[in-house]
DNA sequence: GTAGGGTTAG
């Protein structure tokens, strides 16, 4: 009786759990609902309020109370199943399923089975849904719709379309609720064909007047990139007064990147007098995510505030995201702090916003705040935090998040796994990276790409290639990002044939985009194939700043700095703005050429445009000024840089070293140590170089020792070269030789070069012979080495040996670089090679030079030292050869064309010869001009007849 | 029907 009356009652009465207990039902034996007025406690109300625990407990108590006589009606089951579905409470839903099976009171099995299918679908258990569905004896349209919905909601759009086919085969009539799910399925697989077919059916069946159907159709067309069809539907049907239709189309525009059109439609909508809903604001704000539309976004914010919709979490979240994407994290934070209710999406939007704007520390702060406020971080929060840890190279923080993910069983998430792989790669821990990678249950192409680039970035190029091979075996799809990572590995290997192979591989597959092309320019440059780099660069249709920077840095790396500088005006022609990375390449080219004017121009550009001078930009400026001969300006940049990193200290030490201020360089090194910075290999190289060029042998030895003992750094071949050079120059030839024999590593050609070079100044026949033969053995294709060997023989007038070396060189068709010097006057470089007559002012230059030489011989004490002429010719001829050296031509030109009182700056591609050095010293004294010469090795500041190198170079 | 997450170049 009671059951029947209840089923008829619109408000199902259920006793609240808190007030009922087993004793009460035990003691009086009366079913509790009898005791309570029907209207007060209804399951409907409990369910409407979403109180699952309460609903479920009362439900459970009723069924488990000893002696209970209550049999829930179908509607009670239905209500609680819907609640389980809404709250994705699978285990509770399964329990209810158990009760349904046991219950003998179920009146409408088809009805409840349909609800079960629905519940399982919503709770993500597609298999259970399918099981119930398959076992149903009778199917109605609700069951079909529930099953189709379950497929769509659980990433099985093809399953939904299969069911649709079955329905059509059975000629089962579809209803208005079937279509939206089907269109969603078509959209998910971008199956425009099926979508159109089903669209035809809706017309045939007359469902096109249904707003839900139309809106889902609009959504389908937009997901399948057929915006015109979506728009046509919108304009043809009579849904223009329906805010939902507007929303669908605006969403379609926003989702396909047609922001302006979407915003235009929004304006039209306001004009048509349709009131926007929160569903309108979300896509409209999404359309404003491009930074160019930021201003508009603020305007929309004002409209949102007027409408009062900012109080809705969805809308406020969209505002946060819009500001984050517009690089206005301050605004985003303001909206966030004023939110009444924050959900995980709000927190995660803030986290990812900070990460995307590079404000990693802020992201870490938000995360700890989140944990304090008991907002449980989810997988998405972890992804942001791992990304922040990786980019900060903060291994310990990254590991903490990893531990958190393990503890909370979130490590199986694909994206968490991928970010973990990346985080460990960025922190240089490829061992942990592989640990995570190997244990990931599912991998996608991002996983592989991340691992490949992780290996490439951590100097494991062979491992990268191995992974790439595995991918091809696994038939995983290769995309452009993966190609980029592989190219990175090739670049590491400097293997030009491999790069060509990969180049052909992706050309064949049509995997070509700007990023890949730009990478290729750089990689060909790294592999010393500048011709290919140029070819690829020329073929890039729409070059951007990265294309130009890649080409410039390839030029610079291949010794073609002036070609790099020639690209700068071409960037301007193409209206491409310089950014700070591009300026690095230009500064490095300027440094190579001693192009002070260009360097200063870039410095000015950086200051004018508000670039913060720190990091690589600051060290490049230090280096540029030093290479242009103005070490004081290097120091100005150095001292005005607030956050001095290790590279800028190293650059400054190296600057002093080049200019022969060895003691200052060592002082700076001590200051660096006292600031608790840890010097690296490069720093030590700079210090040792400085010692070597200032004859600071004892200091150099100490530094070399501390490098190994204190800092536990294993010397590179370059460090040994520096030490040998230092000892040999200071005439400790025997000790230098001994040092070479005691080296832990095999001596490289450069080490023998250093030794041989010193033999020219401090003659030692035994060492010279050994060094010369070793050099020829280790590097027989470098023309410079032949010149060095030949010069060493020439210095002791062993002309037969000189001839032999020269003929060997000829036989191998090796040509040495001709010596050349240049000077920057006005806006131009004036380049001279020895005995050059090609300059338009050649006659004046020669005449001026002859006059100076004559004066120096007569009154300046200049005696040409013909031993520096390394050709076996007559004495008179030797003098002629000397006076035609390229640096003298450049000096003569400088004297003729620069104002008295300004220093003359000359750059030479080879080392200065002894006679020119003497000549320049005397010129500086006699003509009272400061002359600064940068040769292949270092700087010489000539003033009043003295050179800063102390005649030691 | 709405919002948040991972791998690319100099």
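Numbering (UniProt numbering), first residue to last: 1 to 953.
Note that CB positions come from ideal geometry on N, CA and C, so glycine has one too.
Take the alpha-carbon of residue 73 and the one of residue 189: they are about 41 Å apart. Under the three-state reduction of DSSP, residue 393 is assigned to coil, being neither helix nor strand.
Three or more Cβ pairs drawn from the region 145-152 and the region 170-178 lie within less than 8 Å of each other, which places the two stretches in contact.
In this structure, the straight-line span from the alpha carbon of residue 366 to that of residue 252 is close to 33 Å. Closest in C-alpha terms to residue 931, from the list 58, 582, 937 and 893, comes 893.
Where residue 542 is concerned, there is no enclosing beta strand (DSSP E), because DSSP gives it neither an H nor an E. Residue pairing of residue 820 in beta bridges, as defined by DSSP: 833.
Taking a contact to require three or more Cβ pairs closer than 8 Å, the region 612-622 and the region 580-593 qualify as touching. Contact between residue 320 and residue 332 is confirmed by a C-beta separation of about 5 Å, below the 8 Å threshold. Residue 772 counts as buried, since at least 16 other C-beta atoms from the protein chains shown sit within 10 angstroms of its C-beta. By the criterion of at least three beta-carbon pairs nearer than 8 Å, the region 437-448 is not in contact with the region 396-408. Secondary structure of residue 907 (DSSP, three-state): strand.
Per DSSP, the continuous alpha helix (DSSP H) segment holding residue 608 begins and ends at 596-608. In this chain, the alpha helix (DSSP H) harbouring residue 284 covers 278-287.
When secondary structure is reduced to three states using DSSP, residue 693 falls in the helix class. Shown here, residue 712 sits in coil according to DSSP, grouped into three states, outside any helix or strand. Under the 10 Å beta carbon count, residue 719 is surrounded by 16 or more other beta carbons and is classified as buried. Using a C-beta cut-off of 8 Å, the region 817-832 makes no contact with the region 789-796, since fewer than three inter-stretch Cβ pairs fall below that distance.
The region 47-117 contains, as complete alpha helix (DSSP H) runs of 4+ residues, the segments 52-64, 74-86 and 90-102 (chain order). Only residues of its own chain outside the window of five on either side were considered, and among them 74, 100 and 112 have a CB closer than 7 Å to the CB of residue 106, listed in chain order. Annotation for residue 750: 721 place their beta carbon closer than 6 Å to its own, counting only its chain and skipping 5 residues before and after. Between residue 633 and residue 796, the alpha-carbon positions lie close to 42 Å from each other. Each residue's CA atom was taken as its position, placing residue 803 and residue 881 some 19 Å apart. By a beta-carbon distance limit of 8 Å, residue 594 contacts residue 905. Their separation comes to about 7 Å.
Bounds of any alpha helix (DSSP H) do not take in residue 941; it lies within the beta strand (DSSP E) bounded by 939-943.
The count of Cβ pairs closer than 8 Å, one atom from the region 308-316 and one from the region 331-349, reaches three, so the stretches are in contact. Counting only the Cα atoms, residue 353 lies some 28 Å from residue 267. For residue 108, the number of other beta carbons within 10 angstroms of its own is below 16, and it is reported as exposed. Residue 317 has its alpha-carbon roughly 7 Å from the corresponding atom of residue 349.
The count of Cβ pairs closer than 8 Å, one atom from the region 446-458 and one from the region 419-428, reaches three, so the stretches are in contact.
In this structure, residue 665 sits away from residue 622, with a CB-CB distance that is not shorter than 8 Å.
Using a Cβ distance threshold of 8 Å, residue 503 and residue 514 do not count as a contacting pair. Comparing C-alpha distances from residue 443 to each of 697, 420 and 459 shows the shortest one belongs to 420. Around the CB of residue 900, fewer than 16 other CB atoms lie within 10 Å, so the residue is classed as exposed. Taking a C-beta distance under 8 Å as the contact criterion, residue 459 and residue 413 do not qualify as a contact pair. For residue 613, no alpha helix (DSSP H) run applies, since DSSP gives it neither H nor E.
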